[in-house]
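**Q** Basically my numbering = 1-based index in the sequence shown + 657. The structure is given below, and queries will be raised subsequently.
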Amino acid sequence: MRISVIGCGYLGAVHAASMAKLGHEVVAVDVDPVKIERLAAGDAPFFEPGLPEILSEAIESGRIRFTTDMSEVAGSRVHFVAVGTPQGPTGAADLTYVDAAVAALTQYVAADEFVVGKSTVPVGTAARLATSLSAAVPGATLVWNPEFLREGFAVQDTISPDRLVYGVPSGAAGESAVAALDEVYATTLAEGTPRLVVDLATAELVKVSANAFLATKISFINAMAEIAEVVGADVTALADAIGHDARIGRKFLNAGLGFGGGCLPKDIRAFQARATELGVGESLAFLADVDAINLRRRAHVVTLAEDLLGGDVTGKHVAVLGLAFKPNSDDVRDSPALDITARLHELGAVVSAYDPEANGTAARIHPEVHYVDSADEALRGADLVLVLTEWNEFRQLDPAVVAGLVERPVVVDGRNCLDRDAWTAAGFTVRGMGR
Ligand code: UGA
658 MRISVIGCGY
668 LGAVHAASMA
678 KLGHEVVAVD
688 VDPVKIERLA
698 AGDAPFFEPG
708 LPEILSEAIE
718 SGRIRFTTDM
728 SEVAGSRVHF
738 VAVGTPQGPT
748 GAADLTYVDA
758 AVAALTQYVA
768 ADEFVVGKST
778 VPVGTAARLA
788 TSLSAAVPGA
798 TLVWNPEFLR
808 EGFAVQDTIS
818 PDRLVYGVPS
828 GAAGESAVAA
838 LDEVYATTLA
848 EGTPRLVVDL
858 ATAELVKVSA
868 NAFLATKISF
878 INAMAEIAEV
888 VGADVTALAD
898 AIGHDARIGR
908 KFLNAGLGFG
918 GGCLPKDIRA
928 FQARATELGV
938 GESLAFLADV
948 DAINLRRRAH
958 VVTLAEDLLG
968 GDVTGKHVAV
978 LGLAFKPNSD
988 DVRDSPALDI
998 TARLHELGAV
1008 VSAYDPEANG
1018 TAARIHPEVH
1028 YVDSADEALR
1038 GADLVLVLTE
1048 WNEFRQLDPA
1058 VVAGLVERPV
1068 VVDGRNCLDR
1078 DAWTAAGFTV
1088 RGMGR
């Protein structure tokens, strides 16, 4: 099928390359000529395992084309909208890019074609866009097909997702939309992927409620970490024990520095803002606590670092291992690790920070921090070691070797990812999160 994808960020670039991998003819559009040029040359503009391979394959096969010219979408049967919905100044989602993309697209969409929203939007957006689309192009249909990909697993999550959700209008238009999307995802459906057909508002809500649930789960275990810290209990053992209850489940119960990234933090804020607009703000009042618990983890680590350095970090050497919001990513948007790093620098610590992939993205936001090219370089002469992102490279460090590099053997394990016994045996004072 001929498909267009509007927006070539994390979501759009992966979606476009994955659609080509599934055998479709894809035209991918972005307003940023630099991004388009890089993608056209097979150069992924961010670190995402598996993306360079499917991108090169798609380019070599001729099944993908990158352009800044929206008119090239003409003739595609399905047009995916995958632009960003960043957090606006009030916490509500900024819909400028979605509105602009749909308006620009509308000029080239024909009757019997489908505009398929993938961006995360406040509930009600799709109905509004559907009205303007059908006024401009009678016979074209707007549907919502939310995306659940995780960074680091984005290709796998796009090609073999847990589930597909189609938000469609009722009647014949909805039936043709389902048929078109079934054709897009034929390979995925043949693998037995569950497919749920719902209305537009439900599809929008599925996405934000999934992220709100995940954020709540993480903040729940971090709240338990706060209690465990006071009473001397071990939150990891607690998570293992409650996680055996299948109704609770062990996944997303890792206490630590909390959630960051381009999705969970902004999505819970936008969801609250939307609920307030709808007059049901109380229903999501708990998300303010979820956010507050999450942000307290960062403050906690800064205070802990100060305590471990004798009350004042000024002039003390701090080795920071990890800047990305999670491993296997170079994304530092709302990253707890980068936030803590910048705060310690501001407090006067002499920080040496290292991330296997995110030094460059971190330096763009916090150029004042000193970044180094290896863990060893960061560790040399450190008065305190902070492990802030659980990259395998850090899990696998030999604590005996690290002990030989640092000035003082003290480590804060911000992600509870180190072998505590091995580090203690090597002479380290180890401070975990909620342990
Ligand atoms: C998240 C969701 O997991 C995806 O399903 C969703 O599609 C995506 O947002 C999105 O809306 O686009 P992602 O932001 O890639 O995906 O990252 P997650 O794997 O969810 O991790 C989010 C944050 O939570 C990270 O900072 C991670 O370190 C933290 N986390 C995760 C914990 O602190 N504890 C855990 O147990 C799990």
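Backbone N, C-alpha and C fix where the C-beta goes; we use that ideal spot for every residue, glycine too.
Taking C-alpha atoms, which residue in A1035, V1087, V800 lies nearest to M1063?
**A** Numbered from 1 along the sequence shown, position 406 holds the residue referred to as residue 1063. Correcting the residue type first, residue 1063 is Val in the shown sequence and not Met. Among A1035, V1087, V800, the Cα nearest to that of V1063 belongs to A1035.
**Q** Please state whether DSSP places R807 in a helix, a strand or coil.
**A** Mapped onto the sequence shown, residue 807 falls at position 150. Correct three-state label for R807: coil.
**Q** Since G906 contacts G915 with CB under 8 angstroms, what's their CB separation in whole angstroms?
**A** The count along the sequence shown starts at 1 and reaches residue 906 at position 249. The count along the sequence shown starts at 1 and reaches residue 915 at position 258. 19 angstroms between Cβ atoms; not a contact.
**Q** Could you tell me which of A783, S718, G707 sits nearest to N985, measuring between CA atoms?
**A** Against the sequence shown, residue 985 aligns to sequence position 328. For N985, the nearest C-alpha among the options comes from G707.
**Q** Judging by CA-CA distance, which residue of T777, A811, T815, G831 is the nearest neighbour of L799?
**A** Position 142 of the sequence shown, counted from the start, is the residue given in the question as residue 799. Comparing Cα-Cα distances from L799 to each of T777, A811, T815, G831, the minimum goes to G831.
**Q** Say yes only if the C-beta of R807 is nearer than 6 angstroms to one or more non-hydrogen atoms of the ligand UGA, and no if none qualify.
**A** Counted from its first residue, the sequence shown places residue 807 at position 150. Answer for R807: yes, Cβ within range of the ligand UGA.
**Q** Relative to the C-alpha of P795, which candidate in N802, A787, Q1053 has its C-alpha closest?
**A** Locating residue 795 in the sequence shown gives position 138, where the first residue counts as 1. Residue A787 is the option with its Cα nearest to P795.
**Q** Nearest-angstrom Cα distance between Y842 and P709?
**A** Reading the sequence shown from its first residue, position 185 is the one you call residue 842. Reading the sequence shown from its first residue, position 52 is the one you call residue 709. Between Y842 and P709, the C-alpha separation is close to 22 angstroms.
**Q** With DSSP as the reference, identify every bridge partner of V1068, one or two as the case may be.
**A** As a first step, residue 1068 must be located in the sequence shown, where it is residue number 411. V1068 pairs with V1042, V1087.
**Q** From A792 to L762, what distance separates their C-alpha atoms?
**A** Taking the first residue of the sequence shown as 1, we reach residue 792 at position 135. Taking the first residue of the sequence shown as 1, we reach residue 762 at position 105. Answer to the nearest angstrom: the Cα atoms are 14 angstroms apart.
**Q** Counting pairs of beta carbons, one from the stretch 1022-1029 and one from the stretch 987-999, are three or more of them closer than 8 angstroms?
**A** Because the criterion of three Cβ pairs below 8 angstroms is met, the stretch 1022-1029 and the stretch 987-999 touch.
**Q** Using the C-alpha atoms, what's the distance from P818 back to S718?
**A** What you label residue 718 is simply residue 61 of the sequence shown in a count that begins at 1. What you label residue 818 is simply residue 161 of the sequence shown in a count that begins at 1. Using only the alpha carbons, I get a separation of about 24 angstroms.
**Q** Once DSSP output is grouped into helix, strand and coil, what is the label at Y842?
**A** Within the sequence shown, numbered from 1, the residue matching residue 842 stands at position 185. Note: Y842 maps to coil in three-state DSSP.
**Q** Hey, D683 and A673 are a contact pair by Cβ (cut 8 angstroms); roughly how many whole angstroms apart?
**A** Counting from one through the sequence shown, the residue named residue 683 turns up at place 26. Counting from one through the sequence shown, the residue named residue 673 turns up at place 16. The residue you asked about is not Asp; residue 683 is Val in the sequence shown. Indeed, because the Cβ distance is near 5 angstroms, the residues count as touching under 8 angstroms.
**Q** Jot down the residue ranges of each uninterrupted beta strand (DSSP E) in the stretch 982-1050, minimum 3 residues, whole runs only, in chain order.
**A** Entirely contained in the stretch 982-1050, the beta strand (DSSP E) runs reaching 3 residues are, in chain order, 1007-1011, 1041-1044.
**Q** Under 6 angstroms from any heavy atom of the ligand UGA, does the C-beta of I905 make it?
**A** Your numbering for residue 905 matches position 248 in the sequence shown. Incorrect: I905 has no Cβ contact closer than 6 angstroms to the ligand UGA.
**Q** Around the C-beta of T753, are 16 or more other C-beta atoms found within 10 angstroms, so that it is buried, or is it exposed?
**A** Within the sequence shown, the letter at position 96 stands for residue 753. The residue is exposed, with fewer than 16 neighbouring Cβ atoms inside 10 Å.
**Q** Can the beta-carbon of A847 be found less than 7 angstroms from the beta-carbon of V735?
**A** Within the sequence shown, the letter at position 190 stands for residue 847. Within the sequence shown, the letter at position 78 stands for residue 735. Against a cut-off of 7 angstroms, the Cβ pair of V735 and A847 comes out as no contact.
**Q** With H, G and I counted as helix, E and B as strand and the rest as coil, what does DSSP make of A942?
**A** In the sequence shown, residue 942 corresponds to position 285, counting from 1. Coil, per DSSP.
**Q** Take P851 as the anchor and find which of V865, R820, R926 has the nearest alpha-carbon.
**A** Taking the first residue of the sequence shown as 1, we reach residue 851 at position 194. P851 has its Cα closest to that of R820, out of V865, R820, R926.
**Q** Do you know offhand how far P702's Cα is from T1018's?
**A** Indexing the sequence shown from 1 puts residue 702 at position 45. Indexing the sequence shown from 1 puts residue 1018 at position 361. Looking at the two C-alpha atoms, the distance is approximately 11 angstroms.
**Q** Would you mind giving the Cβ-Cβ distance between V780 and R931, rounded to the nearest angstrom? I have them listed as a contact below 8 angstroms.
**A** Numbered from 1 along the sequence shown, position 123 holds the residue referred to as residue 780. Numbered from 1 along the sequence shown, position 274 holds the residue referred to as residue 931. V780 to R931, Cβ: 6 angstroms. Contact.
**Q** Which residue wins for smallest C-alpha separation from V1008, given the options V730, V959, T859?
**A** Position 351 of the sequence shown, counted from the start, is the residue given in the question as residue 1008. The residue with the shortest Cα to Cα distance from V1008 is V959.
**Q** Just the C-alpha distance for R953 and A880, rounded to the nearest angstrom, thanks.
**A** For the purposes of this step, residue 953 is taken as the residue at position 296 of the sequence shown. For the purposes of this step, residue 880 is taken as the residue at position 223 of the sequence shown. Going from the Cα of R953 to the Cα of A880 covers about 10 angstroms.
**Q** At a cut-off of 6 angstroms, would you count G741 as near the ligand UGA, judging by its Cβ distance to the nearest heavy atom?
**A** As a first step, residue 741 must be located in the sequence shown, where it is residue number 84. No, the ligand UGA has no heavy atom inside 6 angstroms of this Cβ.
**Q** Taking 8 angstroms as the threshold, find out whether the stretch 888-896 comes into contact with the stretch 921-938 through three or more Cβ pairs.
**A** Output reads no: the stretch 921-938 does not touch the stretch 888-896.
**Q** Are A1006 and V1044 touching if we call contact CB-CB under 7 angstroms?
**A** By one-based count along the sequence shown, residue 1006 stands at place 349. By one-based count along the sequence shown, residue 1044 stands at place 387. Cβ atoms of A1006 and V1044: not closer than 7 angstroms.
**Q** Please report the straight-line C-alpha distance between N1049 and F1085, rounded to a whole angstrom.
**A** Within the sequence shown, residue 1049 is the residue found at index 392, counting from 1. Within the sequence shown, residue 1085 is the residue found at index 428, counting from 1. Going from the Cα of N1049 to the Cα of F1085 covers about 20 angstroms.
**Q** Since I believe L853 is in contact with V822 (beta carbons under 8 angstroms), could you give me their beta-carbon distance rounded to a whole number of angstroms?
**A** Here residue 822 corresponds to residue number 165 of the sequence shown, with the count starting at 1. Here residue 853 corresponds to residue number 196 of the sequence shown, with the count starting at 1. 5 angstroms between Cβ atoms; contact.
**Q** Quick one: grab the DSSP three-state call for F771.
**A** The count along the sequence shown starts at 1 and reaches residue 771 at position 114. DSSP places F771 in strand when its eight states are reduced to three.
**Q** Check whether chain B comes within 7 angstroms of V1087, counting only Cβ atoms and requiring the distance to be less than that.
**A** Absent from the structure: chain B. Only one protein chain is present.
**Q** Does the Cβ-Cβ distance between T742 and T777 come in under 7 angstroms?
**A** Translated into positions along the sequence shown, residue 742 becomes position 85. Translated into positions along the sequence shown, residue 777 becomes position 120. Closer than 7 angstroms, so yes.
**Q** Which residue's Cα is closest to the Cα of V1087: A981, L965, R1037, R1021?
**A** Translated into positions along the sequence shown, residue 1087 becomes position 430. It is L965.
**Q** Starting from R734 and walking both ways along the beta strand (DSSP E), at which residues does that stretch end?
**A** Mapped onto the sequence shown, residue 734 falls at position 77. Neither: R734 is in no beta strand (DSSP E) and is coded neither H nor E.
**Q** What is the DSSP secondary structure of R954, reduced to helix, strand or coil?
**A** As a working note, residue 954 is residue 297 in the sequence shown. Helix.
**Q** Roughly how many angstroms lie between the CA atoms of V671 and W801, to the nearest whole one?
**A** Residue 671 sits at position 14 when you count from the first residue of the sequence shown. Residue 801 sits at position 144 when you count from the first residue of the sequence shown. Distance between the alpha carbons of V671 and W801: 18 angstroms.
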